[in-house]
Structures are given as C-alpha cells and as structure tokens.
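Undergrad: Sharing a structure, written as structure tokens. Questions coming.
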Amino acid sequence: MALFVDRDNINERDGATALDCRRGGNGVGLQGPAEACRFDIEAINEAACSEAWSKSCSRAAMIITPSLHLLWSNEEGRRLLTIDRDLGEVGGRLSFAQRTGVFAFAAFLENLGDEPRAWVLARRDGGGDCLIIRAVRIALGEAQAVILAFSDTAGSRRLWADFGPALDLTSAETTLLKRLVDGATVTEAAQDLGVSLETARTHVKRAYAKLGVSSREEMFAKISPFRLS
C-alpha cells in the first residue's frame, strides 16, 4: 500500500505536481523526484523502528507493571539495571538496594494518576546526587503499566537546544547564558569566552534586555527549558 499526495488537500499552485505524481510522471514535489511523492508504508518495520529508538535514546527507559515487574527496557535501561549500585533487577522485578526504597517507590506508583510525576532516589554514597525517575501511567490493552524514564543528577549528559536565533541572541550572548545556567560565574564565563569581564557584563545586559528579564533568576527560568538531559 502506498501513500499518495491528496489532490483535494492542496492549493492550485501545487495541483499539477500532485496530479503528475498520481500519474507517475516526472513532476517534482517538496522532496525531489516523482518517486518521492510516494511513501511505501509497508516498507516500515515497526519492530525495526522500535529497536533503532531503543538503541539511540540516551535516557534509560523501562515499562513496568504496578507491582514492579519489568515488561521492557531500552538499551540504556538494561545497562542501568546492570551497573547501578542503587537499583537493579531481581526475579524479573525492578528492585532497590535499600528495601525502604522498594516500599516508597511502590507507594509512589499507587498514588500515580493520569499526569506524569517524578520520584527521587537519593544516592547511598551521601554525596547529594540523586536518581530522578519520571513515571507515566499507560494502558497496555486492558492492563495497567507504567513508563519510567531515568535521569541521574551526577554527570548527566546535557544537550542544549540552539535557542540563540529564536531569541535574537548573538553567539557570544548565547554561549555566555549557557555557561551561567550551567553554574559558572560571569568572571568564569568571561574567561571561557576569552573576553574581559566588562565585555561579558555588557553581553549579559544586552541578553537580559532581549529576553525581557531583569535578574539571573528570571533568566534561568527563561533559558533552562532549552537545556535537555
């Protein structure tokens, strides 16, 4: 089965191209030659797509039952269960090194409603690092299950979205704000950029004006959503 451009849902300017695609002609659409106007959905292997996502997703993820039985995990999730010192898999169930963690997490899941929630597991080493577990309740057929996504506050990998152009910020202003949100002082950020402290402060002032903020706290609230983990 193939998916074709719908002639009824295009404007007059594109009509010839769409009609030509239906006839197998040489028209060129947005994606190139005429054959690009057809998309053979039978060629899509759902299992292959799922496997590709599982391998490429950098965040550990799992699907469990409300009683903590493991139904599925991606590659990062399996790695987490194997190497992490504070949680693992015991008898096919998600388990924690401390029994109190098992009971606390089970109670958290019992109170999980339709909205996503996050649970925090304090690391046992006492260094202040934590494992954040985001939970979303789903239905698998008539059964209930929970999707878990894990974020470690220790050495977590951060991905910054390229927010500069969207917010009309220069490259220097964007880099400076990233460093500030990551915890650097203005002096440290200036050194990283190779500019004077006065120049760095000027960048900050101009960036604040563009963002419509007047304090570092307001800037954090504006910029932090662009930092992905």
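Everything in the sequence shown is counted per the UniProt record's numbering, starting at 1 for the first residue and increasing by one. We put the beta carbon where it would ideally sit given N, CA and C, even for glycine.
Counting beta carbon pairs with one atom in the region 108 to 124 and one in the region 137 to 151, are three or more of them shorter than 8 angstroms?
TA: Contact between the region 137 to 151 and the region 108 to 124 is present, because at least three Cβ pairs lie under 8 angstroms.
Undergrad: With which residues is Phe96 paired in a DSSP beta bridge?
TA: Leu87
Undergrad: Anyone know if the C-beta pair for Ala60 and Gly88 falls short of 7 angstroms?
TA: Not in contact: Ala60 and Gly88 (Cβ atoms no closer than 7 angstroms).
Undergrad: For my contact list, Ile132 and Thr153 are in at a C-beta cut-off of 8 angstroms; report their separation, rounded to the angstrom.
TA: 7 angstroms
Undergrad: Measure the C-alpha to C-alpha separation of Glu110 and Ala145 and round it to an integer number of angstroms.
TA: 12 angstroms
Undergrad: Let me know the alpha helix (DSSP H) ranges lying completely inside the region 148 to 224, each 4 residues or longer, listed in chain order.
TA: 171 to 181, 186 to 193, 197 to 211 and 216 to 223
Undergrad: Quick check: what's the CA-CA separation for Gly164 versus Lys210?
TA: 11 angstroms
Undergrad: Which term fits His69, buried or exposed, when burial requires 16 or more other beta carbons within 10 angstroms of its beta carbon?
TA: exposed
Undergrad: Identify which residue in Gln98, Phe220 and Phe226 has its Cα closest to the Cα of Ala166.
TA: Phe226
Undergrad: Hey, how far is the Cα of Thr100 from the Cα of Thr175?
TA: One C-alpha to the other measures close to 43 angstroms.
Undergrad: Would the beta-carbon of Ile223 fall within 7 angstroms of that of Leu159?
TA: Going by C-beta atoms, Ile223 is not nearer than 7 angstroms to Leu159.
Undergrad: Between which two residues does the beta strand (DSSP E) carrying Ala118 extend?
TA: Arg117 to Ala122
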